[in-house]
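Sequential numbering from 0 applies to the sequence shown in numbering that gives the first Met the number 0.
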Amino acid sequence: MTDNRPYHFDCAIVGAGLSGLICAQQLQKSGLRVVVLDKSRGVGGRVATRRLENTCVDHGLPFLTVTGQYSQRLIEELSELNIIQAWTGKVYHLSSDDVFTHEAANRYIASSGINAIAKHLAKDLEIWRNCRVTLLGLAQGPSWCLIGDDSANFAQPIFASALVLAIPAPQALMLLEASKSVNFPEPFLHQLEAVEFKPTLSVIAGYAPQSQTELLQLSWDGVKFIDDPYLAWVGIDSSKREQPEQPVLILHSTPEFAQEYLDADGLEVAAQKLLHHASVRLLPALDQPQWVQVHRWRYAFPSVSLSLPCLFTGEPLPLVCCGDWCGENLVESALESGISAAGQIRGIFS
0 MTDNRPYHFD CAIVGAGLSG LICAQQLQKS GLRVVVLDKS RGVGGRVATR RLENTCVDHG
60 LPFLTVTGQY SQRLIEELSE LNIIQAWTGK VYHLSSDDVF THEAANRYIA SSGINAIAKH
120 LAKDLEIWRN CRVTLLGLAQ GPSWCLIGDD SANFAQPIFA SALVLAIPAP QALMLLEASK
180 SVNFPEPFLH QLEAVEFKPT LSVIAGYAPQ SQTELLQLSW DGVKFIDDPY LAWVGIDSSK
240 REQPEQPVLI LHSTPEFAQE YLDADGLEVA AQKLLHHASV RLLPALDQPQ WVQVHRWRYA
300 FPSVSLSLPC LFTGEPLPLV CCGDWCGENL VESALESGIS AAGQIRGIFS
């Protein structure tokens with residue numbers, strides 16, 4: 000399956016989240032020529048860190064825990080390299096009747112931001128950023144033809160003998176349905192259609208430096224809310240940083256709350272509601288931040304998963320869809336799915 004075209008690869012991977020990166024790593028180690036394309040400026044997907052106000056904030060995944068063999072291996076590797084560190088922060092569950100219950104677990108954070116994990120996995124990979132794939136076609140070879148959005152970063156089509164879509168199932172389905180020149184197997188499309196996601200809003204809030212003392216006196220560093228209509232999580236993100244200049248909190252909404260504002264032009268009202276609710280349930284000062292930013296996660300976590308490691312078809316050409324939506328456990332499922340996808344692709348070239 001060799002090809003002399005300048006932009007021809009053995010495998011093209013769309014999506015630079017955990018699944019896409021671990022899949023690319025595995026394939027590159029097998030000697031295949033691989034390219035990863037992502038519509039974002041960075042890598043990692045929901046393993047996300049935003050840099051602002053002289054600090055960084057993890058506004059997606061807050062920390063790592065061991066939930067299976069794949070996350071265990073990753074945590075061991077990252078710990079040996081000092082990319083992640085054990086976090087001693089205290090996490091509690093808060094019930095609807097305001098009862099706090101301590102949740103004991105070994106958690107791992109990256110003091111420089113959780114996105115350091117993705118950057119490590121992306122090392123030595125060929126990654127094209129700011130590249131949105133809008134259409135798929137078939138070319139001579141035979142090979143996949145990936146067409147972009149005509150941006151300067153994606154001015155020419157990319158050709159690949161095999162294709163991996165490491166993106167949320169609804170996005171993969173939209174791409175396949177838009178590619179009308181290609182006939183995809185109906186059962187394959189139906190399996191993608193069956194996967195469902197729920198959204199989340201993330202509110203990043205920075206507070207006056209003098210409020211650090213009050214926050215340090217709290218019994219918790221993170222709170223998981225049980226049966227709350229607005230909030231799913233509140234964490235003191237600055238507790239993960241070395242010598243933070245000011246307290247910074249991250250709030251994650253419930254899917255039901257996020258759904259109400261998912262397509263709103265602005266999210267200021269949503270942020271104010273979440274902060275006020277947090278101030279009522281946790282600490283009055285939480286509705287008085289110095290600055291606020293909001294991020295919309297349309298595909299925060301799967302509510303109906305595939306229950307398979309990945310989704311493969313050989314028709315019309317090798318295509319694998321993978322991601323955390325293939326299983327029930329976000330990070331563990333993402334890693335397992337990416338590794339499984341790599342195994343499917345390796346089998347084609349062996």
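Every residue, glycine too, gets a C-beta built ideally from N, C-alpha and C.
- DSSP places GLY147 in the strand class (E or B) of the three-state scheme.
- The alpha-carbon of ILE347 is positioned some 39 Å away from that of HIS294.
- For ASP227, the secondary structure class from DSSP, reduced to helix, strand or coil, is coil.
- Distance check between GLU335 and each of VAL319, PRO308, ASN152, GLN343 places PRO308 closest, using alpha-carbon atoms only.
- DSSP, reduced to helix, strand and coil, places HIS58 outside both helices and strands of the structure shown, so it counts as coil.
- The beta carbon of ARG106 sits closer than 6 Å to those of PHE62, THR64, TRP86, all from its chain and outside the five residues before and after it, given in chain order.
- Burial state of PHE196 is buried, judged by a 10 Å Cβ sphere holding 16 or more other Cβ atoms.
- The three-state secondary structure of CYS10, taken from DSSP, is strand.
- Residue nearest to GLN289 within the set GLN68, GLU52, PRO167, SER18 is GLU52 (criterion: CA-CA distance).
- Where ILE83 is concerned, there is no enclosing beta strand (DSSP E), because DSSP gives it neither an H nor an E.
- For GLU213, the enclosing alpha helix (DSSP H) begins and ends at 211-215.
- Closest by C-alpha distance to SER238, out of GLN84, GLU331, ALA165, SER201, is GLN84.
- Annotated three-state conformation of LYS197 is strand, per DSSP.
- The straight-line gap separating the alpha-carbon atoms of GLN209 and VAL303 is approximately 44 Å.
- Here LYS28 is exposed: its Cβ has fewer than 16 other Cβ atoms, across all protein chains shown, within 10 Å.
- Distances from the alpha-carbon of LEU137 to those of CYS325, PRO315, SER278 put PRO315 closest.
- Counting along the chain, GLY346 sits inside the alpha helix (DSSP H) bounded by residues 329-348.
- Per DSSP, PHE256 lies in no beta strand (DSSP E) segment; the continuous alpha helix (DSSP H) that holds it begins and ends at 254-260.
- Counting every other CB atom within 10 Å of its CB across the protein chains shown gives GLU331 a total of 16 or more, marking it as buried.
- About 5 Å separates the beta carbons of PHE256 and TYR229, which is inside the 8 Å limit, making them a contact pair.
- Taking SER39 as the centre and dropping the five residues before and after it, the same chain places the C-beta of ALA15, ARG128, ASN129 closer than 8 Å to its C-beta, in chain order.
- For TRP127, the three-state secondary structure derived from DSSP is strand.
- In the displayed model, VAL279 falls within a helix according to three-state DSSP.
- With contacts defined by Cβ atoms closer than 8 Å, THR66 and PRO243 do not form a contacting pair.
- The Cβ atoms of VAL42 and PHE8 lie no closer than 8 Å to each other.
- Counting along the chain, the unbroken alpha helix (DSSP H) around SER18 starts and ends at 17-28.
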